[in-house]
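Student: Encoded as structure tokens, here's the structure I'll be asking about.
In our numbering, the protein residues as written are 954 to 1183.
This is how it looks when you write it as structure tokens:
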């Protein structure tokens, strides 16, 4: 009687295992099972990465290999991700939201010393609008705020700290939505738009006539041949 019960229980467990595997296959296009029995590296039927992933990168052209682990949601990194070297030492702890860096990121030496502390602001898909500061020309003074439509982004935002061996403090930087703020009140960024306007103002009459007479393609050919016609 006992043997019959064991046999029935074994058949039941086998059927349940097959059903479980079938359910996973129905939801995921591919996956792997870890030595501990965890389901990893899921790719769903829409070709999106889902759940816990362990990614191994081999050494290449002198660059050391590493392994990173964390979670994907709808094909985008989410939550904490940890990176290790080939001997299992922690190299980095990064935090993600909707695929972009969000919050504190920390990077370590092979001895475990903190080398860099970063703060980032990432896109929030549940917030359709964002409020950003408008600064005065060439200084850190906020003149106003404006509401803009939020777009996918991830930018430095907050205090960044740098350390040498032994976690000796080197310097700190302060960012506001990707804008590096300097201690003397000036800004460290010159926008591309301002640069382009400045270049246009210094064009002479001869240069303008030259650009008008020859096409851009023709000018490049002439400049390569050393014949600028100026």
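For every residue, glycine included, the Cβ atom is placed at its ideal position computed from N, Cα and C.
Nearest to residue 1052 by alpha carbon, out of 988, 1118, 1001 and 1013?
Tutor: 1001
Student: Judging by CA-CA distance, which residue of 998, 1074, 1042 and 1122 is the nearest neighbour of residue 1132?
Tutor: 1074
Student: Jot down the residue ranges of each uninterrupted beta strand (DSSP E) in the segment 1013 to 1081, minimum 3 residues, whole runs only, in chain order.
Tutor: Secondary structure remark: continuous beta strand (DSSP E) runs of at least 3 residues inside the segment 1013 to 1081, in chain order: 1019 to 1026, 1029 to 1038, 1043 to 1050, 1056 to 1061 and 1067 to 1075.
Student: Go ahead and pull the three-state DSSP assignment for residue 1166.
Tutor: helix
Student: Closest to residue 1011 by C-alpha separation, out of 1086, 1037, 1005 and 1031, would be which residue?
Tutor: Comparing Cα-Cα distances from residue 1011 to each of 1086, 1037, 1005 and 1031, the minimum goes to 1037.
Student: Is residue 1166 buried or exposed, if buried means 16 or more other CB atoms sit within 10 Å of its CB?
Tutor: exposed
Student: So, at 7 Å on beta carbons, what are the nonlocal neighbours of residue 1094 in its own chain, with the 5 sequence-adjacent residues on each side left out?
Tutor: 1088
Student: Measure from the alpha carbon of residue 1047 to the alpha carbon of each residue in 1060, 998 and 1116, then state which is nearest.
Tutor: 1060
Student: Taking all protein chains shown into account, decide if residue 1016 is buried (16 or more other Cβ within 10 angstroms of its Cβ) or exposed.
Tutor: By the Cβ-count criterion, residue 1016 is exposed, with fewer than 16 other Cβ atoms from all chains shown falling within 10 Å of its own Cβ.
Student: With a threshold of 7 Å, establish whether the CB of residue 1010 neighbours any heavy atom of the ligand COA.
Tutor: Looking for the ligand COA in the displayed structure turns up nothing, as the structure carries no ligands at all.
Student: If you drop the 5 nearest sequence neighbours on each side, which residues of the same chain put their C-beta closer than 8 Å to that of residue 1066?
Tutor: Sequence-distant partners of residue 1066 (beyond 5 residues in either direction) whose C-beta falls short of 8 Å from its own C-beta, in its chain, are 1116, 1118, 1119 and 1120.
Student: Should residue 1109 be labelled buried (16 or more other beta-carbon atoms within 10 Å of its own) or exposed?
Tutor: buried
Student: Please classify residue 1050 as buried or exposed, where buried requires at least 16 neighbouring CB atoms within 10 angstroms.
Tutor: buried
Student: Using the C-alpha atoms, what's the distance from residue 1014 back to residue 1057?
Tutor: 30 Å
Student: According to DSSP, simplified to helix, strand and coil, what is residue 1003?
Tutor: strand
Student: Measure from the alpha carbon of residue 1113 to the alpha carbon of each residue in 999, 1097 and 1068, then state which is nearest.
Tutor: 1068
Student: CB-CB under 7 Å to residue 1125, same chain, minus the five flanking residues each way: which ones, in chain order?
Tutor: So the qualifying residues of the chain are 1112, 1113 and 1114.
Student: What is the DSSP secondary structure of residue 1126, counted as helix, strand or coil?
Tutor: DSSP places residue 1126 in strand when its eight states are reduced to three.
Student: Between residue 993 and the rest of its own chain, which residues show a CB-CB distance below 6 Å, the 5 nearest in sequence each way excluded?
Tutor: Same-chain partners within the cutoff: 985, 987, 1005 and 1007.
Student: Pull up the distance between the alpha-carbon of residue 1021 and that of residue 1090, whole angstroms please.
Tutor: Spanning the alpha carbons of residue 1021 and residue 1090 requires a straight line of approximately 42 Å.
Student: Which of the three DSSP states is assigned to residue 1135 in this structure?
Tutor: coil
Student: If you reduce the DSSP assignment to three classes, tell me which class residue 1111 lands in.
Tutor: strand
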